[in-house]
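If you read the protein sequences in the order shown, they are chains A and B. Under the numbering used here, residues -11 to 316 are what the first sequence spells out, in order. Under the numbering used here, residues 20 to 352 are what the second sequence spells out, in order. Cβ coordinates follow ideal geometry from the N, Cα and C atoms, glycine included. Take a look at the structure set out below.
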Amino acid sequence: MKLASKGMSVLELQDIQKCYDVRLGMFGGRAKLQAVRDVSLNLCKGETLGVVGESGCGKSTLAKILMGLLKPSQGKVLIDGQPLEGFSPKDLSRKVQPVFQNPYSSLNPRKKIFDIISMPLELHELGTKADRRKTVMDMIEKVGLPPSIAERFPSQLSGGQRQRIAIARALVVRPEVVILDEPTSALDVSVQAQILNLLKDLQQEYGLTYLMISHDLSVIEYLADRVAVMYLGAIVEVASVDKVFKAPQHPYTQALLDSVLTPEPGLGLPHVNLTAGFPNPLNPPSGCAFHPRCVSALPECAQHRPQLTSTSLGDVACLLKTDFQQKI
Amino acid sequence: MTSLLSIQGLQVDIATPGGTLQAVKNLNLDVQRGETHCIVGESGCGKSITALAMIGLLPEKARITAGSILFEQQNLACLNEAGLSNLRGNRMAMIFQEPMTCLNPTLTIGTQLTEGFLRHGKGNRKAAYERAIMLLEKVGISAADKRFHQYPYSLSGGLRQRVMIAMALMCEPDLIIADEPTTALDVTVQAQILATLSELKSEMGLSLIVITHDLGVVARIADNVTVMYAGEAVETGTVSQVFGNPGHPYTVGLQKSVVGSADRDSQRLSVIPGRVPSLVGGLTGCRFRNRCPHAIPKCAEADIDMSELEADHTYRCLRNVSAGRPEMTGGVL
């Protein structure tokens, strides 16, 4: 049972694979690095899908594929049921818009705020000059900034204000899907809460669909409806936020949740049940990619690659939770 | 017992084109032997400048204009460069935030690990090698003898941060200052690195100053906490005092801003409205008053002194002096 099946899907990924050609040193040979492996996902209109995982798990590659910045080696991306290749970059940018992690590098320092936000409107030739001016000023107000900010430069703004501008620029062409790549991790705690509130308000107002990439599980828990957990390029668990946070199925999800440091004094540091370090993606482990770090791994785990299988508590790719239990 | 490190009335000014910026104002801080002291605050609150002042690595434009930093009775604020460099890496060491950029990419891990040990005359090359291998193993790096000869690029972020910790421990320092030691790392690695740091601290009897913006890190590792806002310490006490019975409205606001499980059901997160004031030019009165829900006209009149809330727990606020503190309990900021 997929929660996603209840709504209309705006974005669909079918068996996406992405391989990079990597050179091994100056005189070394070449190797294939599989950054994304068999990823199938769909995003329904108005929902927020959170993608979590450690660095190197392929979540940013996935985001780049969705924005049309990278071509998948195999598999299909459908936007409103149409294949992504059919969209020109210009058409795609009216459907999917990104908000990046670092608002200090994602805004052109030489342009005024007004020009930064009105640029997408000019490129798409939307409305007359007067219309555009009104749209930009409305957008500035919507993201909670004073009109006077339009004549300033990014360097005169704080991190939180810059991230608001980045959000305004993404939303000014009224996209359907917004890819949020770690939108609050460069911000201070008190500002992070302001931006999360803003994202939630704007989603309701415009009926936006969010794909949110984050390593911060508490942010995902607050904003997302569903969560996809990635490990070494593959999705190991997808379920609703409540299920993932209350009853994680995959041992890796459990370890991620155990690692969260909540501000409660006296608890001490958690014991994280992960044995080895993150594997080398150029030489991934056999069978289940997580088995060398898994505390409950069985000999079978080194031989069989588990498939993402539906259970009553969400989809999970773990032999212990699916195949193995069925065999018993 | 005298403190290992005692900062009294520290003031650091930074020259900017717009005038003098008071980055740290009248800071008092005591760190005992074996203590973990966390300095917490948001960007621009002066926490990193305080760390750099302690270890004598302030940027050129920044100057200590008042106060003293006593490290084992020696005032670091008036020590010359030679004196400081005898202490740095030797008696006190620093771990920086970005393990990706603070190792020299052109030198092997081993060269960088042993450099300080040899420079401070702690022993010969053989002793340095042995100590480096011992420490690499201690911080949880497998195949240490192989890693010793590798360059930083072949190590992941977590491993590099472990190398940084091993490097800080080379000369058996008394004090380690860690500036956001786990901010750049994954959550799973963060818990492991902090556990390693805490274990080594108790094993070697070090004192640890951890600078962070993450209240989760503070809650789990600190003995004592200093909360900084706009260059001033606004609250200091033991970790259970500051988290359990916060005295300053900023501490309360910071705690409420942390996204937690309970927020899932509420539509809105509580926020601290407004932004940090500019620290250029003289500021009088409470620096938090423009964002404070409890501010009164008196807050603007004069600088506010630290007052005692309970034993070892002080805060810089005119309000909520009574134990009941009715104005602090209600409402979202």
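Looking at chain D, is there any beta carbon in it that lies within less than 8 Å of the beta carbon of Thr250 of chain A?
No chain D appears in this structure, whose protein chains are A and B.
Presumed contact (8 Å Cβ cut-off) between Ile261 of chain B and Val177 of chain A, rounded CB distance
Sequence inspection shows Val at residue 261 of chain B; the Ile mentioned does not correspond to that position. So it is not a contact: roughly 15 Å between Cβ atoms.
Unbroken beta strand (DSSP E) run spanning Arg82 of chain A, endpoints:
Run containing Arg82 of chain A: none in the beta strand (DSSP E); it sits in the alpha helix (DSSP H), Pro77 to Lys83.
To the nearest angstrom, how far is the alpha carbon of Asp164 of chain B from that of Leu298 of chain B?
49 Å
Enclosing beta strand (DSSP E) for Val217 of chain A [first to last residue]:
Arg214 to Tyr219
Apart from the five residues on each side of it in sequence, which residues of its chain come closer than 8 Å, Cβ to Cβ, to Ser247 of chain A?
Pro258 and Val260
Assign Ala34 of chain B to one of three DSSP states: helix, strand, or coil.
strand
Residues of the stretch 191 to 209 of chain B with a CB closer than 7 Å to any CB of chain A: list them in chain order, please.
Asp205, Val206, Thr207 and Gln209
Label Ile315 of chain B either buried or exposed according to how many other C-beta atoms from any shown protein chain fall within 10 Å of its C-beta, with 16 as the threshold for buried.
exposed
So that I know if they touch, is there some Cβ in chain A lying closer than 8 Å to that of Ile240 of chain B?
yes
Helix or strand or just coil, what does DSSP make of Met200 of chain A?
strand
Got a sec, what are the start and stop residues for the beta strand (DSSP E) Thr338 of chain A sits in?
The structure shown does not extend to residue 338 of chain A, since chain A spans only -11 to 316, so no value can be given for it.
Pick helix, strand or coil for Pro253 of chain A, following the three-state DSSP scheme.
coil
Along chain A, in chain order, which residues have C-beta atoms closer than 8 Å to that of His232 of chain B?
Asp176 and Val177
By the three-class DSSP mapping on this structure, what secondary structure does Phe15 of chain A have?
coil
Span of the alpha helix (DSSP H) holding Gly177 of chain B?
Gly176 to Leu188
CB Leu337 of chain B to CB Cys311 of chain B, shorter than 8 Å?
no
Quick check: Val229 of chain A and Ala212 of chain A, are their CB atoms within less than 8 Å of each other?
yes
Using a beta-carbon distance below 8 Å, is Ser297 of chain B in contact with chain A?
no
Could you tell me whether the Cβ atoms of Ile208 of chain A and Met218 of chain A are closer together than 8 Å?
no
Mapping DSSP to helix, strand and coil, what is Met(-4) of chain A?
coil
Return helix, strand or coil for Val237 of chain A, following the three-state DSSP convention.
Note that residue 237 of chain A corresponds to Gln in the displayed sequence, not to Val. Coil at Gln237 of chain A, not helix or strand.
Tell me which same chain residues have a C-beta within less than 7 Å of the C-beta of Arg344 of chain B, skipping the five on either side of it?
At Arg344 of chain B the pLDDT is 49, less than 50, meaning the model places this residue with poor confidence; the figure from the coordinates comes in the next sentence. So the list is empty, once near-sequence residues are dropped.
Does the beta-carbon of Gln286 of chain B have 16 or more other beta-carbons within 10 angstroms, so that it is buried, or is it exposed?
exposed
Report the neighbours of Gly272 of chain B on chain A: residues whose CB is nearer than 9 Å to its CB, in chain order.
Ser178
Which value, in whole angstroms, describes the spacing of the CA atoms of Gln182 of chain A and Gly147 of chain A?
12 Å
With C-beta atoms as the reference, is Leu168 of chain A less than 8 Å away from Tyr194 of chain A?
no
Residues of chain A with CB under 8 Å from Ser221 of chain B, in chain order?
Neighbours of Ser221 of chain B on chain A: none; closest Cβ ~12 Å, over 8 Å.
Mind pulling the beta strand (DSSP E) runs of 3 or more residues that sit fully within the stretch 229 to 284 of chain B?
243 to 248 and 251 to 257
The beta strand (DSSP E) that contains Gly86 of chain B, what's its start and end?
Ala81 to Phe90
Range of the contiguous alpha helix (DSSP H) that encloses Thr69 of chain B:
Lys66 to Ile74
Can you look up Asp49 of chain B in the DSSP assignment and give me helix, strand or coil?
strand
Go ahead and pull the three-state DSSP assignment for Arg25 of chain A.
strand
Rounded to a whole number of angstroms, what is the C-alpha to C-alpha distance between Lys188 of chain A and His203 of chain A?
19 Å
Classify Val166 of chain A as helix, strand or coil using the three-state DSSP reduction.
strand
Decide if Lys234 of chain A is buried, meaning its Cβ has at least 16 other Cβ atoms within 10 Å, or exposed.
exposed
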